[in-house]
Amino acid sequence: MNSCLEYQNTLAEETLFHGVGLHSGAKISVRLKPARPNSGILFRRVDIPGQPMIEARHHHVVDTRFATTIGNNGTLVSTIEHLMAAFWGAGIDNAIVELDGSEVPILDGSAAPYLDVLNRAGISMQTVLRKYLRVQRTVLVREGDAYIKATPADRFSVCYRIDFPHPLVGQQEFVYEYNRASFQREIAHARTFGFLKDVEKLQSMGLARGGSLDNALVFDDYRVLNQEGFRYSDECVRHKILDLLGDLSLAGMPVTGHFEVHKAGHSLHNRFLRELFDRPGAYGVCQAVAVQVPFFPHASMPAPAFPERFQPAGHPL
Ligand SMILES: [Zn+2]
751 MNSCLEYQNT
761 LAEETLFHGV
771 GLHSGAKISV
781 RLKPARPNSG
791 ILFRRVDIPG
801 QPMIEARHHH
811 VVDTRFATTI
821 GNNGTLVSTI
831 EHLMAAFWGA
841 GIDNAIVELD
851 GSEVPILDGS
861 AAPYLDVLNR
871 AGISMQTVLR
881 KYLRVQRTVL
891 VREGDAYIKA
901 TPADRFSVCY
911 RIDFPHPLVG
921 QQEFVYEYNR
931 ASFQREIAHA
941 RTFGFLKDVE
951 KLQSMGLARG
961 GSLDNALVFD
971 DYRVLNQEGF
981 RYSDECVRHK
991 ILDLLGDLSL
1001 AGMPVTGHFE
1011 VHKAGHSLHN
1021 RFLRELFDRP
1031 GAYGVCQAVA
1041 VQVPFFPHAS
1051 MPAPAFPERF
1061 QPAGHPL
């Protein structure tokens, strides 16, 4: 194995994409721009006078009920988690996300279309070493029977378990160790999911207005309604890992540690980071000086692989 210095990355050039907000139903345009080293991911609302900026950090999270929403001085940007997961997945540390509305477009409900956008823009290596947030001591946060337990490790890995009382979901567990290729292959394509009765309730509350079978996996009491079926047989738990990566990236840098997660969601993901930062000695910031895998531009990675355990198109029942 080669060792090499691991530097921060930004986008090689600006890029633009459009789509619909899952909850607002509004059409939104997003421009992604390169940013200087150590700036992290910054969201800028170009539709508001003065174009206010919000740093994508855990302490700016103001709502976690149906998505992760950040806010600062009354300016909000919601449903940031899948795009944030794509930045981590692609190894991008610094970028500016300009949008003309309050919600990141949902696209197909997974992180895969964002990865395509990032690949199109290309990745540019910067001259400053990457930093990692390392879990240094065991940290456990609980909410009812849900919990997140993190223990020190040199890389990021997770064992995520969910339990939904539905014949096609039930108990699912997935063990995942992060690297760029495994993110693209095992996690990026997993779509957000919901249950028809909840969707109807959300829509009566003015939410999920942009929700459709094009951007979410939707279940009625017995079946999955999307004609193409699942992308992975355990797509739901993999999507929860996608959400976890997006939410943990609000640490401001990639996180290392082994995570054991049981029935969590955006709220507990965020509480974990808040408690981690509140506990002296529970974390350390380390600079990447040597890694086992040398830097490869993302563009030179193999084309998106057909996800493992991808089910053939067609209704699962
Ligand atoms: Zn999600």
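The numbers in our numbering rise by one with no breaks, and the one at position 134 of the sequence shown is 884. For every residue, glycine included, the Cβ atom is placed at its ideal position computed from N, Cα and C. Nothing here was measured: the structure is a model prediction, and the numbers come from that model.
Can you determine whether any heavy atom of ligand 1 sits closer than 6 angstroms to the C-beta of residue i, and answer yes or no?
{"i": "D993", "result": "yes"}
{"i": "T942", "result": "yes"}
Could you tell me the alpha carbon to alpha carbon distance between residue i and residue j, rounded to whole angstroms?
{"i": "A900", "j": "H1008", "result": "5 angstroms"}
{"i": "P917", "j": "M955", "result": "27 angstroms"}
{"i": "V1011", "j": "Y910", "result": "5 angstroms"}
{"i": "I991", "j": "Q876", "result": "28 angstroms"}
{"i": "Y757", "j": "A871", "result": "18 angstroms"}
{"i": "V987", "j": "G960", "result": "23 angstroms"}
{"i": "L1023", "j": "H808", "result": "7 angstroms"}
{"i": "K881", "j": "A1038", "result": "6 angstroms"}
{"i": "V732", "j": "E831", "result": "Limits of the chain in this structure are 751 at one end and 1067 at the other, which puts residue 732 out of reach."}
{"i": "A940", "j": "G769", "result": "18 angstroms"}
{"i": "L879", "j": "I937", "result": "26 angstroms"}
{"i": "P799", "j": "T825", "result": "11 angstroms"}
{"i": "D984", "j": "Q922", "result": "7 angstroms"}
{"i": "L975", "j": "V827", "result": "29 angstroms"}
{"i": "D971", "j": "V854", "result": "29 angstroms"}
{"i": "A966", "j": "I873", "result": "29 angstroms"}
{"i": "Y897", "j": "Q977", "result": "34 angstroms"}
{"i": "V1035", "j": "T1006", "result": "10 angstroms"}
{"i": "G979", "j": "K947", "result": "19 angstroms"}
{"i": "E1025", "j": "G1002", "result": "15 angstroms"}
Since I believe residue j is in contact with residue i (beta carbons under 8 angstroms), could you give me their beta-carbon distance rounded to a whole number of angstroms?
{"i": "P784", "j": "T814", "result": "No, P784 and T814 are not in contact; Cβ-Cβ is about 29 angstroms, not under 8 angstroms."}
{"i": "L1081", "j": "R795", "result": "A question about residue 1081 goes unanswered here, because the residues of the chain that appear run from 751 up to 1067."}
{"i": "G859", "j": "T765", "result": "That belief does not hold up - the Cβ atoms of G859 and T765 are roughly 20 angstroms apart, past 8 angstroms."}
{"i": "V698", "j": "L782", "result": "Outside the modelled stretch of the chain, which goes from 751 to 1067, sits residue 698, for which no answer is possible."}
{"i": "G775", "j": "N844", "result": "Between N844 and G775 the Cβ distance is about 31 angstroms, and since that is not below 8 angstroms, they are no contact."}
{"i": "W838", "j": "L994", "result": "Going by Cβ atoms, the distance from W838 to L994 rounds to 10 angstroms, so no, they are not a contact pair."}
Measuring alpha carbon to alpha carbon, tell me which of the options ends up nearest residue i.
{"i": "I846", "options": "H810, I804, I912", "result": "I804"}
{"i": "D997", "options": "R935, G1034, R1021", "result": "R1021"}
{"i": "V811", "options": "A1032, H1016, G800", "result": "H1016"}
{"i": "L772", "options": "D984, I798, S852, D913", "result": "S852"}
{"i": "N788", "options": "A1032, F1027, P1004", "result": "P1004"}
{"i": "V891", "options": "D904, W838, A1014", "result": "A1014"}
{"i": "H1019", "options": "N965, E893, G944", "result": "E893"}
{"i": "A862", "options": "G1002, L883, S932, F924", "result": "S932"}
{"i": "L957", "options": "Q801, A806, A817, L792", "result": "A817"}
{"i": "R935", "options": "P902, N976, R887, H989", "result": "H989"}
{"i": "F945", "options": "S907, D904, F969", "result": "F969"}
{"i": "K927", "options": "D1028, L967, R786, R905", "result": "Just to set this straight, residue 927 is Glu in the shown sequence, not Lys. Per the Cα distances, R905."}
{"i": "G841", "options": "F924, S962, L963, N929", "result": "N929"}
{"i": "N823", "options": "P915, L833, Q801", "result": "Q801"}
{"i": "D1028", "options": "V919, L967, V885", "result": "V885"}
{"i": "D964", "options": "V919, R981, F914", "result": "R981"}
{"i": "D895", "options": "R887, T888, I912", "result": "I912"}
{"i": "R973", "options": "I820, G920, I778", "result": "G920"}
At a cut-off of 6 angstroms, is residue i close to ligand 2 when judged by its beta-carbon and the heavy atoms of the ligand?
{"i": "S983", "result": "Among the ligands in the structure shown, ligand 2 does not appear; only ligand 1 can be found there."}
Under a CB-based cut-off of 7 angstroms, is residue i close to chain C?
{"i": "F767", "result": "Looking for chain C here will not work: only one protein chain is present."}
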